[in-house]
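Asks: Starting off with a structure, shown below.
Numbering (my numbering), first residue to last: -12 to 155.
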């Protein structure tokens, strides 16, 4: 035949080779001849209730796996803060302007009387007596070790459809 041919229906086996799998929106009892539902019989893989993943370096042809339910295995998370101290210096002066002691600009006085004149100077970070010069804080926190298993918790939105395979 030469030229253009217009057909109303396609009749024949088509271009899908034997062993080829397609998605099928028909009913299980209405699978075309030469095709079989992919349910593990008639030489077909069992694709009922399954997602398909491409084979490659992570999965070989015919591999199966996964779970219908989300499973978070038992595990813990631990955070540990670095060891460090919080020293505070206080002034050893008894009168006058604070200009050499008390790092951070704080003057500690237990008499209730403060007779130090402010002069806007920056106190030294190494003079005066230091309170709490040694010490450390180590923080360790852990989450509960329980896992969680909840039906279909991690499924994306889906539309269910059957797979059929050409068998002849």
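For every residue, glycine included, the Cβ atom is placed at its ideal position computed from N, Cα and C. Because the structure is a prediction, the values reported are computed rather than measured.
With DSSP as the reference, label residue 56 as helix, strand or coil.
Replies: Position 69 of the chain shown holds residue 56. Looking at residue 56 - three-state DSSP - the assignment turns out to be strand.
Asks: What whole-angstrom Cβ distance do residue 24 and residue 151 have, given they're in contact under 8 Å?
Replies: Sequence index remark: in the chain shown, residue 24 carries index 37 (1-based). Sequence index remark: in the chain shown, residue 151 carries index 164 (1-based). Contact holds; Cβ gap of about 6 Å.
Asks: How many Å lie between residue 7 and residue 34 at the Cα?
Replies: For the purposes of this step, residue 7 is taken as the residue at position 20 of the chain shown. For the purposes of this step, residue 34 is taken as the residue at position 47 of the chain shown. Whole-angstrom Cα-Cα distance: 14 Å.
Asks: Would you mind sorting residue 89 into buried or exposed? The rule is 16 or more other CB atoms within 10 Å of its CB.
Replies: By one-based count along the chain shown, residue 89 stands at place 102. Reliability fails at residue 89, whose pLDDT of 42 lies under 50, so the model's placement of it is uncertain and the value that follows must be treated cautiously. Under this definition residue 89 is a buried residue.
Asks: Just to confirm my understanding: we take residue 27, look at its own chain, exclude 5 residues before and 5 after, and list those with CB closer than 8 Å. What are they?
Replies: Your numbering for residue 27 matches position 40 in the chain shown. Contacts found: 33 and 35.
Asks: Across which residues does DSSP place residue 33 in a beta bridge pair?
Replies: Here residue 33 is taken as the residue at index 46 of the chain shown, counted from 1. For residue 33, the beta-bridge partners assigned by DSSP are 26.
Asks: If you count every other CB in all the chains shown that lies within 10 Å of the CB of residue 31, and 16 or more means buried, which is it?
Replies: Stepping through the chain shown from its first residue, residue 31 is reached at position 44. Buried is the call here.
Asks: If we ignore side chains and look at the alpha-carbon of each, how far apart do residue 52 and residue 20 end up?
Replies: Translated into the one-based positions of the chain shown, residue 52 becomes position 65. Translated into the one-based positions of the chain shown, residue 20 becomes position 33. Cα to Cα, residue 52 sits roughly 31 Å from residue 20.
Asks: Taking DSSP's pairing of strands, which residues face residue 146 in a bridge?
Replies: In the chain shown, residue 146 corresponds to position 159, counting from 1. In DSSP, residue 146 forms no bridge with anything.
Asks: What's the C-alpha gap between residue 143 and residue 5?
Replies: In the chain shown, residue 143 corresponds to position 156, counting from 1. In the chain shown, residue 5 corresponds to position 18, counting from 1. Their backbone Cα atoms lie some 32 Å apart in a straight line.
Asks: Does the separation of the CB atoms of residue 17 and residue 154 fall below 8 Å?
Replies: For this step, residue 17 is matched to residue 30 along the chain shown. For this step, residue 154 is matched to residue 167 along the chain shown. Taking 8 Å as the Cβ cut-off, residue 17 and residue 154 do not qualify as a contacting pair.
Asks: Alpha carbon to alpha carbon, what distance is there between residue -8 and residue 50?
Replies: Reading the chain shown from its first residue, position 63 is the one you call residue 50. Reading the chain shown from its first residue, position 5 is the one you call residue -8. Residue 50 and residue -8 have their C-alpha atoms some 44 Å from each other.
Asks: Once the 5 residues before and after residue 11 are set aside, which same chain residues still bring their CB inside 6 Å of it?
Replies: By one-based count along the chain shown, residue 11 stands at place 24. Within the same chain, Cβ atoms closer than 6 Å to the Cβ of residue 11 are found at 149 and 151, the five residues on either side in sequence being excluded.
Asks: Identify, in the order they occur along the chain, each residue of the same chain with its Cβ nearer than 7 Å to the Cβ of residue 3, setting aside the five sequence neighbours on each side.
Replies: If you number the chain shown from 1, residue 3 lands on position 16. Result list for residue 3: 9 and 153, in chain order.
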